[in-house]
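S.K.:
Residue numbers (this note's numbering): 480 to 571.
(1) Taking just the CA atoms, how far does residue 502 sit from residue 552?
(2) Please classify residue 527 as buried or exposed, where buried requires at least 16 neighbouring CB atoms within 10 angstroms.
(3) Here's the rule: buried if 16 or more other CB atoms are within 10 angstroms of the residue's CB, otherwise exposed. What is residue 513?
(4) How big is the Cα-Cα spacing for residue 537 and residue 555?
(5) For the candidate residues 558, 535, 533 and 523, whose alpha-carbon lies nearest to that of residue 546?
(6) In three-state DSSP terms, what is residue 519?
(7) Residues in the same chain with beta-carbon distance under 7 Å from residue 505, minus the five sequence neighbours each way, listed in chain order, please.
(8) Measure the alpha-carbon distance for residue 498 versus residue 484 and round it to whole angstroms.
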């Protein structure tokens, strides 16, 4: 979902225009699909897509980690640290 928003809707633009589009989009999605598509969650999905652009990695992570775990590792900017924490989570 985040990747589609970034690429197809925003076309990787991060300006005020993008904020307005996301605000409109989340309202429509919440009406149609429920509260899981809140603005906050959409932004998290977009951030996840930016941090993990490789589809194969995404599929693997989604199968093995909870959304709560994913939310904990998204803010880690250093790729080595992020990989370390992912490894630790997968071992537990």
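Ideal placement from N, C-alpha and C gives every residue a C-beta, glycine not left out.
M.R.: Reading it off the structure:
(1) 25 Å
(2) buried
(3) exposed
(4) 16 Å
(5) 523
(6) helix
(7) 516, 517, 518 and 521
(8) 12 Å
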